[in-house]
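2 protein chains.
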Amino acid sequence: MMQKLAEAIRKKEAPVCVGLDTQLTIVPKRITDAAYKVYGMTLEGAGEALAAFNRDIIDAIYDIVPAVKLQIAMYEQFGIPGLAAYRDTIEYAKKKDLIVIGDVKRGDIGSTSAAYARAHLGRVQVGGATFRAFDTDIITVNPYFGTDGIEPFISVCAAENKGIFILVKTSNPSGAELQDRRSEGYPIYEHIASGVNVWGEDVRGGAEFSSVGAVVAATYPGVAERLRELMPHTMFLVPGYGAQGGTAESLRPYFTDQGEGVIVNSSRAIIGAWRDEKYAHLGTEAVGEAARVAVGEMIVECNAVLQ
Amino acid sequence: MMQKLAEAIRKKEAPVCVGLDTQLTIVPKRITDAAYKVYGMTLEGAGEALAAFNRDIIDAIYDIVPAVKLQIAMYEQFGIPGLAAYRDTIEYAKKKDLIVIGDVKRGDIGSTSAAYARAHLGRVQVGGATFRAFDTDIITVNPYFGTDGIEPFISVCAAENKGIFILVKTSNPSGAELQDRRSEGYPIYEHIASGVNVWGEDVRGGAEFSSVGAVVAATYPGVAERLRELMPHTMFLVPGYGAQGGTAESLRPYFTDQGEGVIVNSSRAIIGAWRDEKYAHLGTEAVGEAARVAVGEMIVECNAVLQ
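Chains as they are written, first to last, in my numbering: chain A, 24 to 330; chain B, 24 to 330.
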């Protein structure tokens, strides 16, 4: 799947991912009104509003970006109807040939990680039948449990041609409290990065990128060069661009020498672009149009780094 | 909520929690057959089987234990119907006056942790109305993101009288890879433990236990004394008892000097007791009866430590 992602990035000339971290506060009134009219101001109404908003965004950007990333927490807060919107958005995006990243940050002891892997990447058995619960292509994984909490995900990746991004360096300021602690002369995030490389090499075969990717935030460009060195065949998911403070200029060291191996995520700056005065000329509540223009600009910015 | 848990443990004289990590392989044929008869071999059928099994367990044990813990991954793998069974089991257990721990191990950057906190401990707003998505009393939280990823959970705990257990030392063998790394002379899990203590002291007031608890596995009794010293007013959720290798004899250092502050979880050994030859005399597929006897024995074992 990481190879497929690398190819899609090349083909669309866009190392960019649109984050569908959809909150109700970002959904325009015409969409919430339509949803509440059918379902009332209920969890079902919220779920329908999120799904409808996501369809507008996906319709507007599917031909110019390789992937979307869904932050599951934004759906989970609306319970079952919210998670139905999560599932339906995944299906909708896949029909438009987008690669779908589930930003779930799961991770647990082995037997539990195996259940999460079945839930988000694989299949689950019920009597003689098998089903897919949430059919994402790639998910994010938390490394706190170490190898035996990671391996079940990698096994399912191999069986189902899927991928994972393991948290290495996160975008939030407090991430440093644990991740930057030094141990045996190196920060924890470098130790995790070495683990990602080992786990990935075990399954990479001859591929350019292994199924085991890494989350490396845009907000710490100073460490990107070292992390790329430690993880030469690892796809980087780069959050924290735009609203969180990361800039295109600082992205160069995240890429491989060949200018590959990176997918930069932006959420609020794209899906909330319709509220930005900069895009007001596109029309009132022009959700899709503004998102398309905003992500187009971001693609240009990111590609400029590689010139 | 941690005070309420401490009181419930005292009242029932049982520092024990039953883990509803329900998998289909542990559900007897009469229950799956009944579910499949109505819903077919579908995700809905699986969800109904899990919920029905859980009701049998809860009915059998609610008067002798203070709490149940649901491992959400076991439900998430069955998608929307699985998560509906998770939600329904929470409601059922609360009606029986059990404290319900959601073993969700969520954690992310601040704005995302806030959404998870609303999902599992708080309320979410839809227009003018508010709803609870998954109404657990306490959840487990992953500390990889540091303070700003933890704080949104603590805020919701304060507003809603709920609690969290932060992962400090997990029960799986590979947990040591990251958690036992030494930094500034101490293992990472001690640094996390100090964080748990600070976060908890900020909100404890005069209470015996703060709303911020810790996960400290039964499989590492050698470190319990030190962790209790670092976290004197912290409730410990102790997994890894029984099937994972932890024994009652080694539990003493987990408790405070007053013999409090501990809730030991056992999942498979209780909910799967009906398959154990030891309990065969209770009848065929005696799910509830076997669970009750098994947890009764476990309570005696755990209390014996305190004599």
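Where a beta carbon is used, it is the ideal one built from N, C-alpha and C, also for glycine.
Please report how far the alpha carbon of A240/B lies from the alpha carbon of K192/B, in whole angstroms.
-> Position 217 of the second sequence, counted from the start, is the residue given in the question as residue 240/B. Position 169 of the second sequence, counted from the start, is the residue given in the question as residue 192/B. Cα to Cα, the separation comes out at about 6 Å.
Kindly indicate the opening and closing residues of the alpha helix (DSSP H) around T112/A.
-> Position 89 of the first sequence, counting from 1, holds the residue named residue 112/A. Taken as a continuous stretch (DSSP letters only), the alpha helix (DSSP H) holding T112/A covers 102-118.
Complete runs of the alpha helix (DSSP H) confined to the stretch 222-286 of chain B [at least 4 residues] = 247-253
Return the first residue and the last residue of the beta strand (DSSP E) that A296/B is part of.
-> Position 273 of the second sequence, counted from the start, is the residue given in the question as residue 296/B. Element bounds for A296/B: n/a, residue is neither H nor E.
Check whether the Cβ of E231/A sits closer than 7 Å to any heavy atom of the ligand HEM, and report yes or no.
-> The model on display carries no ligand, and the ligand HEM is accordingly not part of it.
Could you check if G306/B is buried or exposed, using at least 16 other CB atoms within 10 Å of its CB as the buried criterion?
-> Taking the first residue of the second sequence as 1, we reach residue 306/B at position 283. G306/B is exposed by the Cβ-count criterion.
Neighbourhood of M25/B by C-beta, 7 Å cutoff - its chain only, sequence neighbours within 5 removed | Residue 25/B sits at position 2 when you count from the first residue of the second sequence. Hits under 7 Å: G186, F232, S233, S234, G236, M258.
I92/A lies in the beta strand (DSSP E); which residues open and close that run?
-> Within the first sequence, numbered from 1, the residue matching residue 92/A stands at position 69. Per the sequence presented here, residue 92/A reads as Lys, with Ile not at that position. That run of the beta strand (DSSP E) goes 90-94.
Per-residue contacts from F101/A into chain B (C-beta, under 7 Å) = As a working mapping, residue 101/A is identified with position 78 in the first sequence. Per Cβ cutoff of 7 Å: V147, A156.
Would you mind sorting A327/A into buried or exposed? The rule is 16 or more other CB atoms within 10 Å of its CB.
-> Indexing the first sequence from 1 puts residue 327/A at position 304. The residue is exposed, with fewer than 16 neighbouring Cβ atoms inside 10 Å.
Top-ranked residue by Cα proximity to V287/B, from Y302/B, A296/B, T270/B | The count along the second sequence starts at 1 and reaches residue 287/B at position 264. Ranking the options by Cα distance to V287/B, first place goes to T270/B.
8 Å Cβ cutoff met for Q100/B and A142/A = Taking the first residue of the second sequence as position 1, residue 100/B is located at position 77. Taking the first residue of the first sequence as position 1, residue 142/A is located at position 119. Against a cut-off of 8 Å, the Cβ pair of A142/A and Q100/B comes out as a contact.
Contact list for R298/B against chain A, beta-carbon separation under 9 Å = Position 275 of the second sequence holds residue 298/B. Result: empty, since nearest Cβ-Cβ is about 17 Å, beyond 9 Å.
Quick one, are the C-beta atoms of V147/B and A156/B less than 8 Å apart?
-> Here residue 147/B is taken as the residue at index 124 of the second sequence, counted from 1. Here residue 156/B is taken as the residue at index 133 of the second sequence, counted from 1. Against a cut-off of 8 Å, the Cβ pair of A156/B and V147/B comes out as a contact.
Span separating the alpha-carbon of Y167/B from that of G42/A | As a working mapping, residue 167/B is identified with position 144 in the second sequence. As a working mapping, residue 42/A is identified with position 19 in the first sequence. Cα to Cα, the separation comes out at about 21 Å.
D111/B CB to nearest chain A CB: under 8 Å?
-> The residue given as residue 111/B occupies position 88 in the second sequence. Answer no: the Cβ-Cβ gap between D111/B and chain A never drops below 8 Å.
Going along the chain, which residues of its own chain have a beta-carbon closer than 7 Å to the beta-carbon of F278/A, five neighbours each way excluded?
-> Here residue 278/A refers to the residue found at position 255 of the first sequence. Excluding positions up to five away in sequence, the list reads G284, V285, L329.
Tell me whether G172/A is buried or exposed, calling it buried when 16 or more other Cβ atoms sit within 10 Å of its Cβ.
-> Counting from one through the first sequence, the residue named residue 172/A turns up at place 149. Under this definition G172/A is a buried residue.
Using beta-carbon positions only, say whether I113/A and D158/A come within less than 8 Å of one another.
-> The residue labelled residue 113/A in the question sits at position 90 within the first sequence. The residue labelled residue 158/A in the question sits at position 135 within the first sequence. Yes, the Cβ-Cβ distance between I113/A and D158/A is below 8 Å.
Closer than 8 Å, CB to CB, is S197/A near chain B or not?
-> Along the first sequence, read from residue 1 onward, the residue named residue 197/A stands at position 174. Closer than 8 Å: yes.
Is the CB of R141/A under 8 Å away from at least one CB in chain B?
-> Mapped onto the first sequence, residue 141/A falls at position 118. For R141/A, the answer is yes, since a Cβ of chain B falls inside 8 Å of its Cβ.
Beta-bridge partners of C40/B, as assigned by DSSP = Reading the second sequence from its first residue, position 17 is the one you call residue 40/B. Answer by DSSP bridge pairing, in chain order: A90/B, N288/B.
Proximal chain A residues relative to P166/B, where beta-carbon distance stays under 9 Å | Numbered from 1 along the second sequence, position 143 holds the residue referred to as residue 166/B. The answer, in chain order, is Y167, E200, L201.
Excluding the 5 residues preceding and the 5 following I293/A in the sequence, name in chain order all residues of the same chain whose CB lies nearer than 6 Å to its CB.
-> For this step, residue 293/A is matched to residue 270 along the first sequence. Closer than 6 Å at Cβ, skipping near neighbours: V41, A314, A317, V318.
Check the C-beta distance from G130/A over to V91/A and give it rounded, since I have them as a contact under 8 Å.
-> To locate residue 130/A, count along the first sequence from 1; it is residue 107. To locate residue 91/A, count along the first sequence from 1; it is residue 68. 22 Å between Cβ atoms; not a contact.
Pairwise C-alpha distance: W222/A and E308/B = Counted from its first residue, the second sequence places residue 308/B at position 285. Counted from its first residue, the first sequence places residue 222/A at position 199. Cα-Cα distance, rounded: 42 Å.
Taking Cβ positions only, does I177/A come closer than 8 Å to chain B?
-> As a first step, residue 177/A is located in the first sequence; it is residue number 154 there, counting from the start. It does not; no Cβ of chain B falls within 8 Å.
Contact set between the stretch 217-236 of chain A and chain B, restricted to residues whose Cβ is under 7 Å from the partner = none
Proximal residues of chain A, C-beta to C-beta of G151/B below 7 Å | Along the second sequence, read from residue 1 onward, the residue named residue 151/B stands at position 128. In chain order: M64.
Do L253/A and A216/A come within 8 Å of each other at the CB atom, strictly closer than that value?
-> Residue 216/A sits at position 193 when you count from the first residue of the first sequence. Residue 253/A sits at position 230 when you count from the first residue of the first sequence. Yes, they are a contact pair.
Given that a residue counts as buried once 16 or more other Cβ atoms are within 10 Å of its Cβ, and exposed if not, what is H304/A?
-> One-based indexing of the first sequence puts residue 304/A at position 281. Classification for H304/A: exposed.
Verify the CB distance criterion: does M97/A have a CB-CB separation below 8 Å to chain B?
-> Residue numbering aside, residue 97/A sits at position 74 when the first sequence is read from its first letter. So yes, M97/A belongs to the interface.
If you run the structure through DSSP and keep just helix, strand and coil, what is P175/A?
-> Here the question's residue 175/A lines up with position 152 in the first sequence. P175/A falls in the helix class under three-state DSSP.
Evaluate T48/B with the Cβ neighbour count: other Cβ atoms within 10 Å of its Cβ, from every protein chain shown; 16 or more gives buried, anything less gives exposed.
-> Start at 1 with the first residue of the second sequence, and residue 48/B comes out as number 25. Burial call: exposed.
Chain B contact for A108/A (CB, 8 Å cutoff) = Residue numbering aside, residue 108/A sits at position 85 when the first sequence is read from its first letter. No, A108/A lies away from the interface with chain B (no Cβ there is under 8 Å from its Cβ).
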